[in-house]
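Trainee: What follows is a structure written as structure tokens; I'll ask about it next.
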Amino acid sequence: MRYTTEQITALVEQTKPYHHPHFVSAAPSDLTGHIRFVLRAFTGTEPEPTRPPESYHHLNPDIDAAASRFLGGMYDFAHRTWREACYVRAYKDAAGPDTIRAWTTHQETRRALEKAFTAATPAPTDQ
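FYI, the numbering for the sequence shown is 0 to 126, going by numbering that gives the first Met the number 0.
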């Protein structure tokens, strides 16, 4: 389903009591018309995002099917984003600060070398 800005605004208002705490905004996706959610960044230390049971339309007469789908999308996105943050946090914890500094230095040096190489490479000529 393609959503308009007005439809999403109405869904945001209707579902406000059930938003994930990291919810910032929602808008139609430029490409598909589906909903694009924006959340505050996760650190990977938060509890797993769990949708409140009272946010399902079959358990709450104040929530219609469209609002329930909206909340489902929000919590699915929150869970995926949270899981990625947990992975990054676990990786950083396992790697330690010295590894992270070395990797950052490696990336900076690689970018500098690529830039220098690109600048030193003559442009192709049409023959």
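Positions of the beta carbon are idealized from the N, C-alpha and C atoms, including for glycine.
Among Arg-109, His-105, His-78, Leu-10, whose alpha-carbon lies nearest the alpha-carbon of Pro-46?
Mentor: Ranking the options by Cα distance to Pro-46, first place goes to His-78.
Trainee: Which residue's Cα is closest to the Cα of Pro-16: Trp-81, Ala-111, Asp-61?
Mentor: Of Trp-81, Ala-111, Asp-61, the residue nearest in Cα terms is Asp-61.
Trainee: Would you kindly report the start and end of the unbroken beta strand (DSSP E) that includes Leu-38?
Mentor: Where Leu-38 is concerned, the enclosing beta strand (DSSP E) stretches over 34–38.
Trainee: Which whole runs of the beta strand (DSSP E) in the segment 55–79 are 3 residues long or more, in chain order?
Mentor: DSSP runs (the beta strand (DSSP E)) wholly in the segment 55–79: none.
Trainee: For Phe-41, does the three-state DSSP call read helix, strand or coil?
Mentor: Coil, per DSSP.
Trainee: Report yes or no: do three or more beta-carbon pairs, one from the segment 1–12 and one from the segment 21–39, lie closer than 8 Å?
Mentor: As far as the Cβ criterion goes, the segment 1–12 touches the segment 21–39, which means the pair count is three or higher.
Trainee: Three-state secondary structure (DSSP) at Pro-27?
Mentor: Residue state, collapsed to three classes: strand.
Trainee: Beta-carbon within less than 6 Å of His-21's beta-carbon, same chain only, minus the 5 sequence neighbours each way: which residues are those?
Mentor: So the qualifying residues of the chain are Leu-38, Arg-39.
Trainee: Check whether the Cβ atoms of His-33 and Met-73 lie closer than 8 Å to each other.
Mentor: Not in contact: His-33 and Met-73 (Cβ atoms no closer than 8 Å).
Trainee: Pull up the DSSP beta-bridge partners for Phe-22, would you.
Mentor: Beta-bridge pairing links Phe-22 to Leu-38.
Trainee: What is the rounded straight-line gap between the Cα of His-56 and the Cα of Arg-35?
Mentor: Rounded to whole angstroms, His-56 to Arg-35 spans 21 Å at the Cα level.
Trainee: State the DSSP-derived secondary structure class of Tyr-2, mapped to helix, strand or coil.
Mentor: If DSSP states are grouped into helix, strand and coil, Tyr-2 belongs with coil.
Trainee: Of the choices Ile-7, Thr-31, Phe-41, Ala-101, whose alpha-carbon is the least far from that of Ala-130?
Mentor: This structure cannot speak to residue 130, because the chain is shown only from 0 to 126.
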